[in-house]
C-alpha cells in the first residue's frame, strides 16, 4: 500500500527532477535545493572531511535532535584520527553503526523522492562526492507532550494515562498492555501531502480475517490531501454516512483499546491525534465505560441500567412533556396537572415553542461552555443559572417545569459515556420535540419507530449495530443487560465473529474452598 | 436477498396476526361467549395455517405468487397470483382506515387524518425501503415490551378491582349458534386467513425446516393473547357494554386506575394498536411489493415502493366515511365473501388438491 502512495509522489516530481541521484555532489545539491526551494527550515550543510571527500548533509532543523545529531553524525565525521578511505558511504555507514549502535536505523537510498520523504520525516541525509546514493540516519526528535490524564473519558478507578499526538508513543502504550507477538501492527501512509502515518492493530487469532481485510481495503482506498485527525478516517470508512449515530468507536484510553482488541476488534491509530478508532462499534458499546469492568460487577450492572434509563430520558423527556401537556393532559395525575397548569399560566408560548427555546438556549450554553476561556467561565455560569433559569421563569417567558425538564435532559445526556454518541442523542431530541408538538404521543411513537428502523438497519463492518439485542444473541447479553463478573465472562462476544470464542477458562469462581485442594 | 431468523419470523407472525384484531376486539356478536368463538377460531386457524404450511413444503423456495403459475400453468396461475398483491394493497388501506377512525376518536381529535396517516406511511415507506430484515429486528426488539405491557395490563386490571369473573357465566348459555356465528367468515379471514401472505416471506427465512414449528407456535400465542383480551374485556364490562363498544380492548385500558395516580392510560393503548397496525400495514405492503417484483420479473423492488404506498394511502383515506360503514359496510358485504374467502381458502385448497395430485402422478411415473 505504501508503494502506491510513493509511486504517486514519483509521478508528481518526475517532471522536473531526475529520479535517481547522480554521482556529482554539486548536481545532487542542485536537485535538492530545487525541491526544497523556499523551505527555510531545511538545512544544507557541506563540508570536507580529512581525506578531502566532499559531504553534503540535509536535514530539517526543527525535526531532529540537534545534540544527538552533533554527537553521532558530525563528530565522527570530523573526528581527527579517522581511518583513511572513509570517502564512501558504506564505510561512513559502518562508522555510524559502530558509533551510534544500530538503533538509529541508518539506510542507503538512491531515489530522490524517497530521500526527500525521509528528510521530511526527520531523517538526516548524508551525500558524498562520487556516490549516487545517500545515507539516511534517523535522529527524529518531535516535540511531544507528556502522558496526561484523558480529558474526555474520566474514570475514578482505572489507568489514568491517555494517548498523545504521537503514533509511536501510542503504539508503545498499547504494546505495554499486550506483550505478545500476536498483537499485529500494520503501517500505512495516508494523505498525499500530509503523509500521515496510520497503523492498524489487531490480535492475530482473535480478530476475524474478514474484518481485518475489510479495514485494510477501506483504509488503503482513501485518497485525501491531508489527515489532521482520526475523524477524517472515520468518515471515509463508516458504513452509512447519513446517520446521526457514530459507527466507529473512538477513545483516547490505551486500556480501552487493549481490552477491545482482546474482544476481537480492530484499532486504527492515526498520527498527530490522541483519538484511536476502534471497529466494529455497536449501539451498546457506546453505553459502556471502561470503568464498568474495573468496578464491582453488581455496581456496574446497576450503573448500566441507570445509563439506559437516562438515555431514554435524554432522548424523550422533553418530547413526552410537550406531548402530554399539549395533547394528553388526562394522563397526567390531577394534582401534578394543576401545578403544571399554574406554572404555565403566564407563559405566552405553546409548550412546543417553549421547549424549543429552552433546548436551543441550553445547547448554546453548552457550546459556549466548551470554547469558553477559563477566566470568564464563572461569569458564564452565573448568566446561565440566574438569567436563563430564574429570571426567565420570573419574567413569565418559560415555566418552571420546563426548566426542570431541560435541566434533567441536559444531565441525562452527560451520563452517556461516548461523547459523540451523546451528540447523536442531542441532535435527535429536536425532531422528537417537533413530532410531539404536532402529533402528540402518536408523533413520538412514529419517531421511535423511525429511530428503531434506522438503528436496526445500521451495520458497522458487518456487525449489526443494535446487536446483541436485535438480532438477539442470548449469549452476548451478559455484557449488555448485566456486566457479568470476570470469572464468568467465559466467551467472547459472538456478534463480532471472532476466531477464538473461548476467553476465560471456566470454574474460576472464587470460594473459600478453591485453592485449598490444589486448584 | 435479506434473510430473517426464525425468531424474527415468530415475532412478525404474532405482530401480524394480532394486527388490528386487538383494536376492534373480536366476535362481539357472540356476547359473553366471544372468547369461546376466539378459541374455536384459533383452533380452526391453526388447521388453515397448516394447509398453507403444507403448500410451502410442496413448493420449497417458492413464494405465494409463484405457487399458482407452477401448478395451474402460466395463463391461469398468473392472474390468480396477481390478485394477492392487489388485495394486500387494499388490506394496507383498510388498516389505515381502521386508524383513520381510531386515532381521531381517541388521541388526536382535531388532526386531519390525511396528515397523521401520511406521516405514518412515510415511516412505513422508510421501513419497506430498508427491507424485511429491519422489520424483523425492530419486531424482535419490541415484542418483549409488548408481552410485558400485556401482562402489566392484566395485573393492573386485576389490582384495580374491576374484573368480575361472573360476567362470563353462563358459558354458552344462549346456545352454540351464537358462539359459532362470528367464526365464519370474519373470524377466520381477519386474523388467520391473512397469514397466507407470509408465504411471500417464508423463502427468506434462514432455517427452512423450523418454519412450521415457528409459525404454529406463533399462532397459538396469538390465539392465547386474543382470547385472554376477550375474557378480560367481557369480565370487566359485562355482555351489553362489551357488545356495544366499538373499541372494547381500548376501553379496557381506560378502566385501569391505581392509587388515583396511574389512570387514563388509554393513549398508551392506542399507541399499542398503532404499533401492531404499523407492522401489519408494513408486512402487507412489503409482501405486495415483493409479489409485484416477482410477477413483473424486475430486478429492483424499490421502484414499486412509492406507487404501492400512495395507492394504499389513497384507498385508506377514501374507503369509508365513518366507523359504522367501515366495520359493517362494503368490506363485510362484498369483499369478505367474494374476495377474501376465495383468496384465503378456496384457491389455496384447490392448489393443495392440484399439487397433491400432481405430486402423486409424478411419483407414480417415477416409480
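Residue numbers (our numbering), protein chains in the order written: chain G, 155 to 673; chain C, 3 to 369. Cβ atoms here follow ideal geometry from the backbone N, Cα and C, with glycine treated the same way. All values derive from a computational prediction rather than experimental measurement.
Check, Outcome
"Residue 266 of chain C: contacting residues in chain G (beta-carbon distance under 7 Å)", "484 and 485"
"CB contact check: residue 625 of chain G to chain C, cutoff 7 Å", "yes"
"Under 7 Å (Cβ pairs) to chain G, residues found in the stretch 120 to 146 of chain C", "121, 122, 125, 128, 129, 132, 136, 139, 140, 142 and 143"
"Counterpart residues of residue 292 of chain G in DSSP-defined beta bridges", "G/277"
"Under the three-state DSSP convention, the category residue 403 of chain G falls into", "strand"
"Minimum Cβ-Cβ distance from residue 616 of chain G to chain C less than 7 Å", "no"
"Residue-chain proximity (residue 149 of chain C, chain G), Cβ-Cβ < 7 Å", "no"
"Minimum Cβ-Cβ distance from residue 345 of chain G to chain C less than 7 Å", "no"
"Helix, strand or coil at residue 167 of chain G according to DSSP, with G and I counted as helix", "Summary for residue 167 of chain G: the model assigns pLDDT 47, below 50, so the residue's position carries little reliability; its value from the coordinates is reported in the next sentence. Residue state, collapsed to three classes: helix."
"Cβ neighbours of residue 355 of chain C in the same chain (closer than 7 Å, five flanking residues each side left out)", "none"
"Straight-line gap, residue 300 of chain C to residue 292 of chain C (C-alpha atoms, nearest Å)", "10 Å"
"Spatial neighbours of residue 381 of chain G in its chain, beta-carbon cut-off 6 Å, leaving aside the 5 residues before and after", "344, 345, 348 and 350"
"Nearest-angstrom beta carbon gap, residue 228 of chain G and residue 182 of chain G [assumed within contact, 8 Å]", "Rounded, the Cβ-Cβ distance is 20 Å, inconsistent with contact."
"Where the beta strand (DSSP E) through residue 213 of chain G begins and ends", "208 to 214"
"Limits of the unbroken beta strand (DSSP E) element including residue 341 of chain G", "337 to 344"
"DSSP three-state assignment for residue 618 of chain G, whether helix, strand or coil", "strand"
"Sheet register partners of residue 660 of chain G (DSSP bridge)", "Bridge partners of residue 660 of chain G: none, in fact."
"Enclosing alpha helix (DSSP H) for residue 179 of chain C [first to last residue]", "178 to 182"
"Three-way DSSP call (helix, strand, coil) for residue 351 of chain G in this model", "strand"
"Distance, residue 324 of chain C Cα to residue 103 of chain C Cα", "7 Å"
"Distance, residue 295 of chain G Cα to residue 161 of chain G Cα", "Reliability of the predicted coordinates at residue 161 of chain G is poor, the pLDDT of 45 falling under 50, and the value obtained from them is presented with this limitation in mind. Those two C-alpha atoms are separated by around 27 Å."
"DSSP state of residue 259 of chain C mapped onto helix, strand, coil", "strand"
"Test: residue 173 of chain G CB closer than 7 Å to a CB of chain C", "no"
"Sheet register partners of residue 199 of chain G (DSSP bridge)", "G/211"
"Inter-residue spacing [alpha-carbon to alpha-carbon] between residue 425 of chain G and residue 298 of chain G", "12 Å"
"Nearest to residue 173 of chain G (by Cα), restricted to the options G/437, G/417, G/266 and G/262", "G/266"
"Coil, strand or helix - residue 157 of chain C by DSSP", "helix"
"Assigned secondary structure, residue 257 of chain G (DSSP; H/G/I helix, E/B strand, else coil)", "Low per-residue confidence applies at residue 257 of chain G: pLDDT is 44, beneath 50, and the placement is therefore not dependable, though the value from the model is reported in the following sentence. Helix, per DSSP."
"Delimiting residues of the beta strand (DSSP E) encompassing residue 420 of chain G", "420 to 424"
"Three-state secondary structure assigned by DSSP to residue 249 of chain C", "coil"
"Closest Cα partner of residue 348 of chain C within the set C/319, C/82 and C/99", "C/82"
"Interface flag, residue 293 of chain C vs chain B, CB-CB below 7 Å", "Chain labels in this structure do not include chain B; the protein chains are G and C."
"Residue span of the alpha helix (DSSP H) that contains residue 557 of chain G, given as start and end", "554 to 567"
"Residue 272 of chain G beta carbon near the ligand COA (any heavy atom closer than 6 Å)", "No copy of the ligand COA occurs in the structure displayed, which carries no ligand at all."
"Beta-carbon contacts of residue 445 of chain G that lie in its chain and below 8 Å, excluding the five residues immediately before and after", "309, 310, 311, 312 and 454"
"Residue(s) in a DSSP beta bridge with residue 265 of chain G", "G/174"
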